[in-house]
Amino acid sequence: MRRLPLIILLLLAGCGGGPVTQPPPPSVLEAREMHRQALDAYQSGRYPAALAMFEEAEKLFRSIDDPHGIASAALSQAELYLLYGRHEDAARAAGRARNAIDRGSGTQLQPQLALVEARLRIPEDPTVARAALRELAALPGRTGALAALIECDLAMQAGDECLPRPIEGDPLLQARLYQLQGGASFRAGRNEEGLRRLQAALSIYRSEGYRPGLASVHEALAEARLQQGAEDEARQHLERALYLRLWINDAVHARRVLERLEPLASDAELARRYAAWRASLHDDAAEPQWEQMMTELLTPL
Numbered sequence: 274m275r276r277l278p279l280i281i282l283l284l285l286a287g288c289g290g291g292p293v294t295q296p297p298p299p300s301v302l303e304a305r306e307m308h309r310q311a312l313d314a315y316q317s318g319r320y321p322a323a324l325a326m327f328e329e330a331e332k333l334f335r336s337i338d339d340p341h342g343i344a345s346a347a348l349s350q351a352e353l354y355l356l357y358g359r360h361e362d363a364a365r366a367a368g369r370a371r372n373a374i375d376r377g378s379g380t381q382l383q384p385q386l387a388l389v390e391a392r393l394r395i396p397e398d399p400t401v402a403r404a405a406l407r408e409l410a411a412l413p414g415r416t417g418a419l420a421a422l423i424e425c426d427l428a429m430q431a432g433d434e435c436l437p438r439p440i441e442g443d444p445l446l447q448a449r450l451y452q453l454q455g456g457a458s459f460r461a462g463r464n465e466e467g468l469r470r471l472q473a474a475l476s477i478y479r480s481e482g483y484r485p486g487l488a489s490v491h492e493a494l495a496e497a498r499l500q501q502g503a504e505d506e507a508r509q510h511l512e513r514a515l516y517l518r519l520w521i522n523d524a525v526h527a528r529r530v531l532e533r534l535e536p537l538a539s540d541a542e543l544a545r546r547y548a549a550w551r552a553s554l555h556d557d558a559a560e561p562q563w564e565q566m567m568t569e570l571l572t573p574l
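For the sequence shown, my numbering assigns the number 274 to the initial residue and increments by one for each residue that follows.
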């Protein structure tokens with residue numbers, strides 16, 4: 274039997290098996306791949322690289338007029354900026370996400386945007402922020418659970434009663450819950466219980482490799498040690514927190530850690546070192562020497 278040419282076989286296969294799915298054009302693939310790489314960088318804790326790639330992904334999605342892609346990339350930037358404590362940058366990114374969503378990216382990203390916007394309101398109007406967070410807490414899934422934890426934390430800081438709801442299936446949220454419970458225990462004078470819960474949070478963050486969480490727990494442990502008069506231990510916890518903040522290029526929180534470290538310096542030279550690092554992390558300073566500071570932090574004077 275005479276063999277059919279390959280092109281005819283392909284056409285017949287297409288007719289028999291339904292329409293042939295065409296791959297997305299290169300411009301779409303490029304935007305999606307950049308977004309995927311950004312997510313990978315975020316998951317591995319490479320936050321500066323993730324932020325740069327989310328910015329590039331947003332530009333690529335904008336170049337193909339993809340509102341959903343624009344909103345998703347901008348929201349990821351907003352969340353990273355919030356992690357860094359850079360609220361003005363987070364607000365600008367959230368605004369770009371809002372514009373893209375309003376232009377027709379559907380409702381899928383609305384809860385995530387609402388959570389970011391509620392968090393942005395906390396410094397200036399915590400009452401309004403708490404009301405928005407309570408509404409979001411009714412949502413299923415991670416967004417609702419995270420909103421509930423944040424609102425509960427704000428309630429406790431305001432002296433109100435709050436019982437955090439149990440967390441299942443999300444280690445990072447469970448660790449945050451332990452942090453919240455630990456803080457509540459310390460405020461109630463149950464110091465040993467507070468330490469146990471902070472150590473539980475630290476263990477989870479270590480297993481997940483979540484550097485911002487590790488840093489925040491070390492900062493909380495430092496505060497606990499200070500209350501007990503153990504200044505050397507507090508300084509050790511703060512230096513561990515500082516190393517982690519420097520590793521992820523978090524200038525805002527690194528400055529705050531250094532402000533707490535300076536009064537705990539064991540000698541004048543160490544105090545000068547802390548002050549010099551803090552000065553180099555101000556917004557109007559040149560690009561910080563992250564690697565140099567981390568190396569010096571591990572180098573005894």
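Beta carbons: idealized from backbone N, C-alpha and C, even for Gly.
{"query": "Quick check on T572: does DSSP put it in helix, strand or coil?", "result": "coil"}
{"query": "In whole angstroms, what separates the C-alpha of D556 from that of A351?", "result": "18 Å"}
{"query": "State the CB to CB distance for the pair A314 and A322, rounded to an integer number of angstroms; the pair is presumed to be in contact (CB under 8 Å).", "result": "4 Å"}
{"query": "Between which two residues does the alpha helix (DSSP H) carrying Y483 extend?", "result": "Element bounds for Y483: n/a, residue is neither H nor E."}
{"query": "Can you tell me whether L571 is buried or exposed, with buried defined as 16 or more other CB within 10 angstroms of its CB?", "result": "exposed"}
{"query": "Got a sec, what are the start and stop residues for the alpha helix (DSSP H) Q562 sits in?", "result": "Per DSSP, Q562 belongs to no alpha helix (DSSP H) and is neither H nor E."}
{"query": "Quick check on DSSP: helix, strand or coil for L436?", "result": "coil"}
{"query": "How about A242 and D443: do their beta carbons lie closer than 9 Å?", "result": "Residue coverage of the chain in this structure runs from 274 to 574, which leaves residue 242 outside it and unanswerable."}
{"query": "For the pair the region 334 to 348 and the region 497 to 511, tell me if three or more CB-CB distances fall below 8 Å.", "result": "no"}
{"query": "Per DSSP, what kind of secondary structure is A347 in: helix, strand or coil?", "result": "helix"}
{"query": "A461: buried (16+ other C-beta within 10 angstroms of its C-beta) or exposed?", "result": "exposed"}
{"query": "Is it the case that the region 358 to 367 contacts the region 522 to 529, given that we only count it when at least three CB pairs across the two stretches are under 8 Å?", "result": "yes"}
{"query": "Any heavy atom of the ligand NAP closer than 8 Å to the Cβ of E397?", "result": "With respect to the ligand NAP, the structure offers nothing, as it holds no ligand at all."}
{"query": "Within the same chain, show all residues whose beta-carbon is closer than 8 Å to that of L445, passing over the 5 residues directly before and after it, in chain order.", "result": "I477, Y478, E481, Y483 and G486"}
{"query": "Return the Cβ separation of L422 and L453 in integer angstroms, given the expectation that the two are a contact with Cβ distance under 8 Å.", "result": "6 Å"}
{"query": "For G456, count neighbouring Cβ atoms within 10 angstroms of its own Cβ and tell me buried if that reaches 16, exposed if not.", "result": "buried"}
{"query": "Distance, Cα to Cα, Q565 vs A495?", "result": "24 Å"}
{"query": "Please report the distance separating the alpha-carbon of A527 from that of A448.", "result": "22 Å"}
{"query": "Are there three or more Cβ pairs, one per stretch, closer than 8 Å when the region 382 to 402 is compared with the region 542 to 556?", "result": "no"}
{"query": "Just tell me which of Q310, C425, I374 and R392 has its CA closest to the CA of Y354.", "result": "R392"}
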